[in-house]
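Line by line, the protein sequences give chains G and Z.
Residue numbers 1 to 445, in the working numbering, belong to the letters of the first sequence in order.
Residue numbers 1 to 445, in the working numbering, belong to the letters of the second sequence in order.
Even for Gly, the Cβ is constructed at its ideal location relative to N, Cα and C.
Number of protein chains: 2
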Amino acid sequence: MASPALINVGLMGMGVVGGGVATSLLGQPNALARKIGCPISLKKVLVRDLAKHGQANLPAGVLTTNPEEILDDSDIHVVVEVMGGTEPAAGYMKQALSSGKHVVTANKEVMSKHGPELISLANRNGVNLLYEASVGGGIPIVGSLMGDLAANNVQSIRSIINGTTNYILTRMAHDGADFDQALREAQQRGYAESDPTNDVEGIDAAYKISILASLAFHKIVGPDDVFRQGISNLEPQDFRYALELGYAIKSLAIATLNDGQVKARVYPAMLPFDHMLAKVDGVYNAVEVEGDLCGKVLFHGMGAGREPTTSAVLGDVIEASRSLVSRAGPTHQDHSSNIDLTEPPTRADESGSGDSNIDDLICKYYLRLNVLDRPGVFAQIGHVLGDGEISIASVLQKDTNQSEQTAEIVITTHPAVESSVQASIQALNALEVVRDVSNVLRIEE
Amino acid sequence: MASPALINVGLMGMGVVGGGVATSLLGQPNALARKIGCPISLKKVLVRDLAKHGQANLPAGVLTTNPEEILDDSDIHVVVEVMGGTEPAAGYMKQALSSGKHVVTANKEVMSKHGPELISLANRNGVNLLYEASVGGGIPIVGSLMGDLAANNVQSIRSIINGTTNYILTRMAHDGADFDQALREAQQRGYAESDPTNDVEGIDAAYKISILASLAFHKIVGPDDVFRQGISNLEPQDFRYALELGYAIKSLAIATLNDGQVKARVYPAMLPFDHMLAKVDGVYNAVEVEGDLCGKVLFHGMGAGREPTTSAVLGDVIEASRSLVSRAGPTHQDHSSNIDLTEPPTRADESGSGDSNIDDLICKYYLRLNVLDRPGVFAQIGHVLGDGEISIASVLQKDTNQSEQTAEIVITTHPAVESSVQASIQALNALEVVRDVSNVLRIEE
Chain G
1 MASPALINVG
11 LMGMGVVGGG
21 VATSLLGQPN
31 ALARKIGCPI
41 SLKKVLVRDL
51 AKHGQANLPA
61 GVLTTNPEEI
71 LDDSDIHVVV
81 EVMGGTEPAA
91 GYMKQALSSG
101 KHVVTANKEV
111 MSKHGPELIS
121 LANRNGVNLL
131 YEASVGGGIP
141 IVGSLMGDLA
151 ANNVQSIRSI
161 INGTTNYILT
171 RMAHDGADFD
181 QALREAQQRG
191 YAESDPTNDV
201 EGIDAAYKIS
211 ILASLAFHKI
221 VGPDDVFRQG
231 ISNLEPQDFR
241 YALELGYAIK
251 SLAIATLNDG
261 QVKARVYPAM
271 LPFDHMLAKV
281 DGVYNAVEVE
291 GDLCGKVLFH
301 GMGAGREPTT
311 SAVLGDVIEA
321 SRSLVSRAGP
331 THQDHSSNID
341 LTEPPTRADE
351 SGSGDSNIDD
361 LICKYYLRLN
371 VLDRPGVFAQ
381 IGHVLGDGEI
391 SIASVLQKDT
401 NQSEQTAEIV
411 ITTHPAVESS
421 VQASIQALNA
431 LEVVRDVSNV
441 LRIEE
Chain Z
1 MASPALINVG
11 LMGMGVVGGG
21 VATSLLGQPN
31 ALARKIGCPI
41 SLKKVLVRDL
51 AKHGQANLPA
61 GVLTTNPEEI
71 LDDSDIHVVV
81 EVMGGTEPAA
91 GYMKQALSSG
101 KHVVTANKEV
111 MSKHGPELIS
121 LANRNGVNLL
131 YEASVGGGIP
141 IVGSLMGDLA
151 ANNVQSIRSI
161 INGTTNYILT
171 RMAHDGADFD
181 QALREAQQRG
191 YAESDPTNDV
201 EGIDAAYKIS
211 ILASLAFHKI
221 VGPDDVFRQG
231 ISNLEPQDFR
241 YALELGYAIK
251 SLAIATLNDG
261 QVKARVYPAM
271 LPFDHMLAKV
281 DGVYNAVEVE
291 GDLCGKVLFH
301 GMGAGREPTT
311 SAVLGDVIEA
321 SRSLVSRAGP
331 THQDHSSNID
341 LTEPPTRADE
351 SGSGDSNIDD
361 LICKYYLRLN
371 VLDRPGVFAQ
381 IGHVLGDGEI
391 SIASVLQKDT
401 NQSEQTAEIV
411 ITTHPAVESS
421 VQASIQALNA
431 LEVVRDVSNV
441 LRIEE
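This is how it looks when you write it as structure tokens:
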């Protein structure tokens with residue numbers, strides 16, 4: 001395959017990120033050509049509605065509503081998919097890869113649900129499928145796992161990869177806001193959508209951690225393999241108690257490998273203040289990778305937004321273009337992004353237990369209970385926890401409500417087994433003296 | 001060029017890092033082969049003294065004291081240079097590149113002093129020169145600048161890239177140790193060498209920031225283009241005052257681009273506590289890259305040591321090997337690591353001012369003065385600073401020594417020009433009421 005004299009890009013999608021990519025491709029052609037070693041041109045842009053983009057300052061004839069003008073054009077070498085959603089995006093990506101085009105995508109949903117299939121297709125066709133922008137915005141985490149950290153056996157990934165929830169939790173922690181206030185403010189600032197479900201319930205983070213887990217552990221981890229718990233039941237007093245106990249509360253996306261089994265989960269958790277992830281505030285994202293050689297490496301930066309995502313997409317466009325210039329087949333990216341080319345992909349949960357099951361997780365727990373303020377309550381609670389072999393690390397009694405004769409008790413435990421903790425919570429809820437177990441958070445240390 | 005059926009590695013140097021690389025290459029051949037797409041073998045290891053490495057568990061015949069057994073062996077595809085020092089290391093690297101071998105190096109001194117020449121040589125010979133391990137140990141900063149962040153116009157790099165000094169400063173900040181105590185402890189723990197000059201005087205950090213600056217700004221920045229100030233004149237009270245003012249003291253290596261001019265410098269500086277770099281403690285390293293698209297991206301991890309450095313070296317070995325497997329010329333790395341292939345390399349200081357000159361730097365300053373405790377002192381100091389157009393932000397008077405009739409005054413300034421501050425310091429030192437200007441630190445915000 002001869003290297004082209006001009007690299008033509010087809011852009012699918014002209015939303016916020018598409019606009020950023022188009023602006024950069026059109027705005028600094030010389031700088032990009034120098035970085036690539038060959039001129040690059042934006043040949044076609046797929047949009048839904050031509051009229052809507054009349055003011056976009058694109059050269060005449062670039063806009064189209066017909067995907068085939070990109071997918072069937074053999075002069076287009078690199079397809080950039082920034083439409084979002086699963087279909088038709090995934091179908092277009094398959095068609096592009098099948099016809100020998102390199103594909104760059106920012107689509108976390110497609111990569112989480114169909115990544116392994118698309119990666120195989122890219123490999124069979126000797127082209128790159130690059131998806132740096134699907135996780136962590138401008139943070140170079142995907143490329144680092146594929147390349148610089150490739151020598152490591154990765155042991156764990158711990159991350160804050162949803163800026164919306166991190167913004168909400170930061171507001172709750174620093175300003176005593178309650179969840180609804182903080183969410184409204186995030187919506188006003190454009191950090192949260194009008195339907196915030198995807199962010200608040202951890203669905204977005206589950207997509208992203210499944211992508212990172214697949215890449216780091218060379219296993220197939222899909223969104224359903226991720227245990228998920230949202231942040232909407234956190235209350236201001238949880239943050240006050242956390243502060244008193246020396247912890248921050250963060251929505252963490254975690255993937256660990258134990259005995260060849262990937263455990264992936266998204267939940268709000270407590271972190272000691274001196275943990276680097278505890279220091280990640282506002283809409284920032286961070287990913288901590290622990291490998292057998294590199295130790296703990298943390299990446300911190302803007303996880304979303306037009307410019308950071310454009311940085312990631314364009315970095316991949318440069319990468320794909322360089323591989324065209326060097327007349328190679330796929331660059332290094334494909335060897336590592338492949339879920340072990342030389343071994344058949346394994347579903348992480350083929351043992352039947354499923355990754356999303358965290359029953360055998362062992363960690364410390366924070367329990368907040370609303371109890372009747374009467375003698376003997378502690379003894380009953382202690383009895384239940386003792387039966388579950390859960391050892392108490394600390395107890396705070398707070399916020400006695402004299403008129404209702406109730407009090408709030410906060411318990412932290414020594415490391416305990418998740419299934420046992422869940423069983424004990426049921427038993428605690430059944431006690432007459434316990435009004436409810438108001439919240440349970442895992443403590444990551 | 002056909003891709004080899006087996007990739008042979010020649011290792012030059014069998015110190016701490018060389019030992020780690022050899023152990024990994026010999027210990028997990030199958031995992032590496034899967035990652036590369038081809039088997040890989042350690043063919044030769046150059047050492048100075050065969051007897052010293054008799055116990056190293058290397059296969060028979062691998063050890064040699066003759067560099068030509070690596071450099072002249074056309075079956076060796078990848079040379080890993082981990083000898084350290086400039087010569088003969090640089091000469092061996094040139095010879096290897098000239099004969100078409102990919103070179104992986106951990107040698108910051110060679111890359112700082114001879115990087116541009118070696119990179120040109122690699123490009124002319126169509127091979128990779130990879131040097132992830134030369135800066136930041138296990139932190140994937142070099143590869144990220146070459147690849148994922150390549151779309152950015154980098155504006156600044158701020159970093160803590162010397163673990164020894166960061167350990168010393170952390171001990172001084174947290175435990176009130178003085179410099180000599182903290183240095184001795186660092187030596188006892190193996191973090192500092194018996195002659196600590198390279199670390200303490202910022203020479204090591206200057207090598208590293210010059211490598212990052214060359215890469216990020218596509219300019220030639222050598223070690224002499226870096227302004228350097230060591231940490232040995234910091235005293236415990238500087239840390240007490242910093243704490244009171246809300247700052248941490250860190251030895252920062254900084255490179256910025258202004259009007260096409262690179263300013264690179266290494267000096268102890270004050271950072272607000274909430275700055276991510278202020279939170280980097282002990283032997284950890286961190287690099288913050290600010291780009292026009294990605295915003296601020298921070299990398300944090302182990303900047304030295306056998307395993308982290310091995311992670312970086314082996315990542316590059318995998319990279320070089322993949323480019324052999326894909327039958328390409330040099331992979332993407334070379335386009336970006338090149339100091340602008342299509343333009344002649346420019347010496348950053350060809351304007352004549354020199355990068356190491358920071359006279360026009362503008363920042364806030366911290367001044368600690370030992371003064372005579374008598375009326376009118378403040379007026380005189382204020383007069384000198386006013387003459388230099390230096391505006392005072394805060395004043396603390398501390399530690400009055402009644403027997404000597406002296407006091408310590410700490411002044412922070414609003415942003416001021418370096419040359420003006422230096423002139424004012426001379427003027428202050430000339431005042432009869434000023435015993436000395438004990439310390440001057442720049443405040444980075």
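Here's the rule I'm using: 16 or more other beta-carbon atoms within 10 Å means buried, otherwise exposed. How should Z/I362 be labelled?
What you label residue 362 of chain Z is simply residue 362 of the second sequence in a count that begins at 1. When all chains shown are included, Z/I362 counts as exposed.
Under 8 Å, Cβ to Cβ, is there at least one residue of chain G near Z/E319?
Here residue 319 of chain Z refers to the residue found at position 319 when the second sequence is read from its first residue. Yes, its Cβ sits closer than 8 Å to a Cβ of chain G.
Classify G/L58: buried if its beta carbon has 16 or more other beta carbons within 10 angstroms, exposed otherwise.
Here residue 58 of chain G refers to the residue found at position 58 when the first sequence is read from its first residue. Residue burial annotation: G/L58 is buried, with at least 16 other C-beta atoms found within 10 angstroms of its C-beta.
Where does Z/D376 fall in DSSP's three states?
Residue mapping note: residue 376 of chain Z aligns to position 376 of the second sequence, counting from 1. At residue 376 of chain Z the sequence reads Gly, which differs from the Asp that was named. Here Z/G376 sits in coil by DSSP.
If you follow the beta strand (DSSP E) that Z/D436 is part of, which residue opens it and which one closes it?
Against the second sequence, residue 436 of chain Z aligns to sequence position 436. First-last of the beta strand (DSSP E) with Z/D436: 434-443.
Pick helix, strand or coil for G/V16, following the three-state DSSP scheme.
Start at 1 with the first residue of the first sequence, and residue 16 of chain G comes out as number 16. For G/V16, the secondary structure class from DSSP, reduced to helix, strand or coil, is helix.
Which runs of the beta strand (DSSP E), 3 residues or longer, sit entirely within the stretch 23-91 of chain Z?
Taking only runs of at least 3 residues, the beta strand (DSSP E) segments lying wholly in the stretch 23-91 of chain Z are 40-46, 76-81.
Can you check whether the C-beta of G/I139 is within less than 8 Å of a C-beta belonging to chain Z?
Here residue 139 of chain G refers to the residue found at position 139 of the first sequence. Yes, because at least one Cβ of chain Z sits closer than 8 Å to the Cβ of G/I139.
Examine chain Z for any beta-carbon lying closer than 8 Å to the beta-carbon of G/D349, and answer yes or no.
Position 349 of the first sequence, counting from 1, holds the residue named residue 349 of chain G. Model confidence at G/D349 stands at a pLDDT of 41, short of 50, so the residue's coordinates are unreliable and nothing is read from them.
Can you list, in chain order, the residues of its chain whose CB lies under 7 Å from that of G/V437, leaving out five sequence neighbours each side?
Counting from 1 along the first sequence, the entry for residue 437 of chain G is found at position 437. These residues qualify, in order along the chain: L367, L369, I425, L428, N429.
Relative to the alpha-carbon of G/M14, which residue among G/I36, G/L46, G/V262 has its alpha-carbon at the smallest distance?
Within the first sequence, numbered from 1, the residue matching residue 14 of chain G stands at position 14. Of G/I36, G/L46, G/V262, the smallest CA-CA separation from G/M14 is found for G/L46.
Spell out whether any CB of chain Z is found under 8 Å from the CB atom of G/H102.
Position 102 of the first sequence holds residue 102 of chain G. No, G/H102 does not count as interfacial toward chain Z.
Z/S419 to Z/A242, Cα distance in whole Å?
Numbered from 1 along the second sequence, position 419 holds the residue referred to as residue 419 of chain Z. Numbered from 1 along the second sequence, position 242 holds the residue referred to as residue 242 of chain Z. Z/S419 and Z/A242: Cα-Cα distance of roughly 23 Å.
What in chain Z is Cβ-close to G/N152, meaning under 9 Å?
Here residue 152 of chain G corresponds to residue number 152 of the first sequence, with the count starting at 1. Here the neighbours are G138, S311, L314, G315.
For Z/L145 versus Z/L97, is the C-beta distance shorter than 8 Å?
Looking up residue 145 of chain Z in the second sequence gives position 145. Looking up residue 97 of chain Z in the second sequence gives position 97. Taking 8 Å as the Cβ cut-off, Z/L145 and Z/L97 do not qualify as a contacting pair.
Keeping to the same chain, check which residues put their C-beta closer than 6 Å to that of G/A206; ignore five residues upstream and five downstream.
Looking up residue 206 of chain G in the first sequence gives position 206. Correct list, in chain order: P223, V226, R228, V266.
Could you compute how far the alpha carbon of G/V78 sits from the alpha carbon of G/A56?
Reading the first sequence from its first residue, position 78 is the one you call residue 78 of chain G. Reading the first sequence from its first residue, position 56 is the one you call residue 56 of chain G. Taking the straight line joining both Cα atoms gives about 21 Å.
CB contact flag (Z/R158, Z/L277, <8 Å)
Here residue 158 of chain Z corresponds to residue number 158 of the second sequence, with the count starting at 1. Here residue 277 of chain Z corresponds to residue number 277 of the second sequence, with the count starting at 1. In contact: Z/R158 and Z/L277 (Cβ atoms closer than 8 Å).
How big is the Cα-Cα spacing for G/K250 and G/S391?
The count along the first sequence starts at 1 and reaches residue 250 of chain G at position 250. The count along the first sequence starts at 1 and reaches residue 391 of chain G at position 391. Rounded to the nearest angstrom, the gap between the Cα atoms of G/K250 and G/S391 is 24 Å.
For G/P272, name the three-state secondary structure that DSSP assigns.
Counting from 1 along the first sequence, the entry for residue 272 of chain G is found at position 272. Here DSSP, grouped into helix, strand and coil, assigns G/P272 to strand.
Cβ atoms of G/M12 and G/I70: under 8 Å apart, would you say?
Here residue 70 of chain G refers to the residue found at position 70 when the first sequence is read from its first residue. Here residue 12 of chain G refers to the residue found at position 12 when the first sequence is read from its first residue. One thing to note: G/I70 has its Cβ within 8 Å of the Cβ of G/M12.
Please list, in chain order, the chain Z residues whose beta carbon lies closer than 7 Å to that of G/P308.
Numbered from its first residue, the first sequence carries residue 308 of chain G at position 308. Residues of chain Z passing the Cβ test: L293, C294, G295.
With DSSP as the reference, identify every bridge partner of Z/L257, one or two as the case may be.
Looking up residue 257 of chain Z in the second sequence gives position 257. Residue pairing by DSSP places Z/L257 opposite Z/V262 in a beta bridge.
Compare the C-alpha of Z/D387 against each of Z/H300, Z/A423, Z/K398, Z/A407 and name the closest.
As a position in the second sequence, residue 387 of chain Z is number 387, starting the count at 1. For Z/D387, the nearest C-alpha among the options comes from Z/A423.
Interface positions of the stretch 80-111 of chain G facing chain Z (Cβ-Cβ less than 9 Å), listed along the chain:
Under the 9 Å Cβ criterion, the stretch 80-111 of chain G contributes no residue.
When you compare only the Cα positions, how much space is there between G/Y247 and G/F273?
Within the first sequence, numbered from 1, the residue matching residue 247 of chain G stands at position 247. Within the first sequence, numbered from 1, the residue matching residue 273 of chain G stands at position 273. Taking the straight line joining both Cα atoms gives about 5 Å.
Hey, how far is the Cα of G/K364 from the Cα of Z/P88?
Taking the first sequence and counting its residues from 1, the one referred to as residue 364 of chain G is at position 364. Taking the second sequence and counting its residues from 1, the one referred to as residue 88 of chain Z is at position 88. About 54 Å.
Excluding five sequence neighbours on each side, which residues of the same chain lie with their C-beta closer than 7 Å to the C-beta of G/H414?
Numbered from its first residue, the first sequence carries residue 414 of chain G at position 414. Cβ within range, chain order: K364, S391, A393.
Is there at least one non-hydrogen atom of the ligand SAH closer than 7 Å to the beta-carbon of G/D195?
For the ligand SAH, the structure offers nothing, since it holds no ligand at all.
Span of the beta strand (DSSP E) around Z/R158
Here residue 158 of chain Z corresponds to residue number 158 of the second sequence, with the count starting at 1. From DSSP, the beta strand (DSSP E) with Z/R158 extends over 154-160.
Going by DSSP, what residue range makes up the beta strand (DSSP E) through Z/R189?
Residue 189 of chain Z sits at position 189 when you count from the first residue of the second sequence. It is not in any beta strand (DSSP E) - Z/R189 carries neither H nor E in the DSSP assignment.
Runs of beta strand (DSSP E) wholly within the stretch 179-228 of chain Z (minimum 3 residues, chain order):
Secondary structure within the stretch 179-228 of chain Z: the beta strand (DSSP E) runs of 3 or more consecutive residues, fully enclosed, are 226-228 (chain order).
Cβ closer than 8 Å: which chain Z residues qualify as neighbours of G/M276?
Residue numbering aside, residue 276 of chain G sits at position 276 when the first sequence is read from its first letter. Near G/M276 (Cβ distances below 8 Å), the residues of chain Z are K279, H300.
What number of angstroms, rounded off, separates the C-alpha of G/I141 from the C-alpha of G/V395?
For the purposes of this step, residue 141 of chain G is taken as the residue at position 141 of the first sequence. For the purposes of this step, residue 395 of chain G is taken as the residue at position 395 of the first sequence. Looking at the two C-alpha atoms, the distance is approximately 39 Å.
My understanding is that Z/I209 touches Z/A255, with C-beta atoms under 8 Å, so please give their C-beta distance in whole angstroms.
As a first step, residue 209 of chain Z is located in the second sequence; it is residue number 209 there, counting from the start. As a first step, residue 255 of chain Z is located in the second sequence; it is residue number 255 there, counting from the start. So it is a contact: roughly 5 Å between Cβ atoms.
Are at least three pairs of beta-carbons, each pair with one atom in the stretch 181-191 of chain G and one in the stretch 285-293 of chain G, less than 8 Å apart?
The stretch 181-191 of chain G is not in contact with the stretch 285-293 of chain G.
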